[in-house]
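Participant: Sequence order for the protein chains is A, B, C and D.
According to this note's numbering, the first sequence is numbered sequentially starting from 5.
According to this note's numbering, the second sequence is numbered sequentially starting from 5.
According to this note's numbering, the third sequence is numbered sequentially starting from 5.
According to this note's numbering, the fourth sequence is numbered sequentially starting from 5.
One structure follows; several queries about it will come next.
4 protein chains.
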Amino acid sequence: MSIQMNVGQLQEFLEQAFTHFPMRIVEVGEMTATVELETQAHNLRPGGTVSGPTLMTIADTGLYAAILAQLGPVALAVTTNLNINFLHKPQPGLLRAETRLLKLGKRLAVGEVSIFCNEGKEPVAHVMGTYSLPPTTS
Amino acid sequence: MSIQMNVGQLQEFLEQAFTHFPMRIVEVGEMTATVELETQAHNLRPGGTVSGPTLMTIADTGLYAAILAQLGPVALAVTTNLNINFLHKPQPGLLRAETRLLKLGKRLAVGEVSIFCNEGKEPVAHVMGTYSLPPTTS
Amino acid sequence: MSIQMNVGQLQEFLEQAFTHFPMRIVEVGEMTATVELETQAHNLRPGGTVSGPTLMTIADTGLYAAILAQLGPVALAVTTNLNINFLHKPQPGLLRAETRLLKLGKRLAVGEVSIFCNEGKEPVAHVMGTYSLPPTTS
Amino acid sequence: MSIQMNVGQLQEFLEQAFTHFPMRIVEVGEMTATVELETQAHNLRPGGTVSGPTLMTIADTGLYAAILAQLGPVALAVTTNLNINFLHKPQPGLLRAETRLLKLGKRLAVGEVSIFCNEGKEPVAHVMGTYSLPPTTS
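Here is the structure:
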């Protein structure tokens with residue numbers, strides 16, 4: 005399966021879909037995508053760590069980008085399940101979500117995400133996501 | 005087990021912990037809590053439905069409130085796992101998260117959340133959350 | 005939506021599908037089903053508690069029965085995700101899985117299960133399950 | 005952190021803990037373990053595919069082995085959460101569970117498992133597991 009959208013096309017598509025799209029698509033491959041986010045004040049929670057919803061957002065975006073890259077801009081994938089394990093306290097700075105699709109079927113896509121923080125080698129969180137894919141109209 | 009914090013005390017505690025706390029604690033019981041949120045523009049995603057991170061935030065807050073209500077304000081519970089199933093498209097308006105703790109052990113608390121939207125009778129999302137509880141110092 | 009299969013019909017269907025079907029369907033309602041299992045030696049693990057796979061099996065069967073009850077025997081639902089939280093040590097004896105469907109869509113069904121043990125009032129485990137439903141041929 | 009138990013020691017430990025231990029530990033590394041199982045008739049379900057509980061069992065065993073390998077035989081880890089995504093129909097034959105711990109904290113361990121089937125290159129299932137670790141008595 006060839007890639008239908010490259011890094012630049014994905015970035016443009018997502019910036020048009022979301023009025024304020026704060027993330028950067030930095031890599032796309034076969035069944036993979038990597039997304040980065042520079043955290044801002046509103047991404048933090050009391051204690052100064054990155055909030056859970058921020059981690060969920062970057063993971064969901066990364067998996068969505070990976071699906072779009074494979075299927076092209078017509079895809080309208082809908083998240084049906086998201087399971088997140090919080091592993092280490094995420095510090096403010098640069099978040100990087102490395103996503104990989106484990107399955108891209110006709111009706112469902114399933115993928116996993118490891119989220120890294122600044123120069124850390126161990127993921128601060130791990131996410132599994134499932135997406136319902138629209139029926140193809142061909 | 006008696007309730008350690010009532011609705012007013014929880015509201016005040018959370019408003020002090022979070023600079024802008026947009027939710028309202030509306031009910032607290034034995035192992036339960038209910039939280040409401042009036043959605044705003046930044047809670048919506050393209051298409052006009054409520055975003056996944058908004059649903060995750062209200063669920064996480066509801067479970068946190070339920071734990072605080074049982075253990076009192078000294079508790080510093082940390083979310084370790086959150087699993088969300090998206091069931092129906094959530095419309096803008098009033099979100100209500102009804103939370104119930106299934107377990108409140110010495111080290112872990114586990115609870116479930118049904119999120120309702122406006123006058124809807126069926127939940128738009130269901131969440132399971134696990135929290136690590138700090139060692140008691142007594 | 006009316007119920008398509010009653011307790012007796014479900015029991016017979018499952019006994020024909022599985023050569024040795026050790027469970028008993030004890031209740032079926034609108035979007036609900038209850039299943040019981042008397043644990044045997046091979047359901048136990050070291051320490052004498054009920055094994056995780058046994059709990060998973062009764063939960064999966066209960067949700068499958070609830071789907072069959074709503075859709076009738078033509079349904080060929082396939083489990084796509086199962087999330088289990090182990091809450092208390094399950095003792096040998098009578099397990100009871102109370103299942104409830106939260107969503108029964110065209111393509112996906114989502115349900116939850118509380119598993120009780122003997123006379124216990126608190127669930128020993130909680131399960132969320134997602135099922136892919138076959139396209140209807142009507 | 006050095007490995008506390010090798011392949012042979014793990015195999016012996018698990019065969020003593022479980023009267024009939026049908027699996028084979030085939031690899032142990034830093035935060036990893038690989039377990040194999042030759043499926044038998046009782047592992048199959050109607051239609052001839054491998055049952056969900058069989059997949060759950062090999063995943064749980066693999067993660068348990070990975071924890072034992074790091075902590076030694078004193079460890080008494082208890083599964084608290086298991087989340088399984090079924091990706092492809094698993095055929096009878098040789099199952100291989102490749103497990104990797106993402107976190108090995110003082111109180112919790114979290115790991116992931118990819119389960120492969122015969123010569124298949126794509127996983128038939130993916131599992132996330134969380135384990136509560138006993139307080140150390142040192």
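Backbone N, C-alpha and C define an ideal beta-carbon position, used for all residues, glycine too.
For residue 17 (chain B), return the contacting residues in chain A, with the cut-off set at a CB-CB distance below 9 Å.
Facilitator: Here the premise fails: no neighbours, minimum Cβ distance about 11 Å.
Participant: For residue 35 (chain D), does the three-state DSSP call read helix, strand or coil?
Facilitator: coil
Participant: Mind checking if residue 21 (chain A) is an interface residue toward chain B, Cβ cutoff 7 Å exclusive?
Facilitator: yes
Participant: How do the stretch 99-112 of chain B and the stretch 67-81 of chain B stand: do at least 3 beta-carbon pairs fall below 8 Å, yes or no?
Facilitator: yes
Participant: Would you please state the rounded distance, in angstroms, between the beta carbons of residue 31 (chain A) and residue 11 (chain A)? I believe it to be under 8 Å.
Facilitator: 7 Å
Participant: Who are the near neighbours of residue 92 (chain A) in its chain, counting only those whose CB is closer than 6 Å to its CB and skipping five residues on each side?
Facilitator: The answer, listed in chain order, is 128.
Participant: Compare the C-beta of residue 39 (chain A) against all C-beta atoms of chain D and say whether one is closer than 7 Å.
Facilitator: no
Participant: Compare the C-beta of residue 88 (chain C) against all C-beta atoms of chain D and say whether one is closer than 7 Å.
Facilitator: yes
Participant: Pull the bridge partners of residue 130 (chain A) from the DSSP assignment, please.
Facilitator: A:89, A:118
Participant: So residue 136 (chain A) contacts chain C; which residues on that side make the cut at Cβ distance below 8 Å?
Facilitator: 111, 112
Participant: Around the C-beta of residue 78 (chain A), are 16 or more other C-beta atoms found within 10 angstroms, so that it is buried, or is it exposed?
Facilitator: exposed
Participant: Answer with buried or exposed for residue 45 (chain A), where buried requires no fewer than 16 other C-beta atoms within 10 angstroms of its C-beta.
Facilitator: exposed
Participant: Quick one: Cα of residue 22 (chain B) to Cα of residue 112 (chain A), how far?
Facilitator: Within the model, the alpha-carbon separation for residue 22 (chain B) versus residue 112 (chain A) is close to 37 Å.
Participant: Quick one, which residues of the stretch 98-109 of chain D are near chain A if we go by CB-CB under 8 Å, in chain order?
Facilitator: 106, 107
Participant: Using DSSP with H/G/I as helix, E/B as strand and the rest coil, what is residue 123 (chain D)?
Facilitator: DSSP places residue 123 (chain D) in coil when its eight states are reduced to three.
Participant: Residue 85 (chain A) touches chain B at which residues, Cβ-Cβ below 8 Å?
Facilitator: Under the 8 Å cutoff, chain B gives 87, 88, 89, 90.
Participant: Measuring alpha carbon to alpha carbon, tell me which of C:90, C:17, C:51 ends up nearest residue 118 (chain C).
Facilitator: Cα-wise, what sits closest to residue 118 (chain C) is C:90.
Participant: What's the C-alpha gap between residue 37 (chain A) and residue 84 (chain A)?
Facilitator: 20 Å
Participant: Below 8 Å CB to CB, which residues in the same chain sit around residue 109 (chain A) once its five sequence neighbours on both sides are set aside?
Facilitator: 137
Participant: Relative to the C-alpha of residue 121 (chain C), which candidate in C:18, C:16, C:42 has its C-alpha closest?
Facilitator: C:42
Participant: Could you tell me which chain D residues have their CB closer than 8 Å to the CB of residue 127 (chain A), listed as they occur along the chain?
Facilitator: Result: 106.
Participant: Less than 7 Å between CB atoms is the rule here; does residue 141 (chain C) satisfy it with respect to chain A?
Facilitator: Interpretation of residue 141 (chain C) is limited by its pLDDT of 49, a score under 50 that renders its predicted location unreliable; the figure taken from the coordinates is listed afterwards. No, residue 141 (chain C) does not count as interfacial toward chain A.
Participant: Between residue 132 (chain B) and residue 116 (chain C), what straight-line distance do the alpha-carbon atoms span, to the nearest angstrom?
Facilitator: 10 Å
Participant: Contact criterion: CB-CB distance below 7 Å. Does residue 12 (chain B) meet it with respect to chain D?
Facilitator: no
Participant: In or out: residue 74 (chain D) buried (at least 16 other Cβ within 10 Å) or exposed?
Facilitator: buried
Participant: With 7 Å set as the bound, which would you pick, yes or no: does the beta-carbon of residue 57 (chain B) sit closer than that to a beta-carbon of chain A?
Facilitator: At least one chain A Cβ lies under 7 Å of residue 57 (chain B).
Participant: Could you say which of A:76, A:55, A:87, A:15 lies nearest to residue 130 (chain B) if we only look at CA atoms?
Facilitator: A:87
Participant: Per the DSSP calculation, residue 28 (chain B) is bridged to which residue(s)?
Facilitator: In the DSSP assignment, the residues bridged to residue 28 (chain B) are B:40.
Participant: Using the C-alpha atoms, what's the distance from residue 60 (chain A) back to residue 52 (chain B)?
Facilitator: 19 Å
Participant: Measuring alpha carbon to alpha carbon, tell me which residue in D:56, D:96, D:114 is nearest residue 82 (chain D).
Facilitator: D:114
Participant: For residue 130 (chain D), decide whether its Cβ has a neighbour in chain A, counting only Cβ atoms nearer than 7 Å.
Facilitator: So, interface residue.
Participant: What residues in its chain sit with their C-beta under 6 Å from that of residue 94 (chain B), if we drop five residues either side in the sequence?
Facilitator: 53, 54, 121, 128
Participant: Counting only beta-carbon separations shorter than 7 Å, does residue 36 (chain C) have a partner in chain D?
Facilitator: Chain D, which has no Cβ nearer than 7 Å to the Cβ of residue 36 (chain C), makes this no.
Participant: Apart from the five residues on each side of it in sequence, which residues of its chain come closer than 6 Å, Cβ to Cβ, to residue 80 (chain C)?
Facilitator: The residues 138, in chain order, have a CB closer than 6 Å to that of residue 80 (chain C) in the same chain once the five nearest residues on each side in sequence are set aside.
Participant: Whose CA, out of B:98, B:48, B:107, lies closest to the CA of residue 125 (chain C)?
Facilitator: B:107
Participant: What residues are listed by DSSP as bridge partners for residue 136 (chain A)?
Facilitator: A:82, A:112
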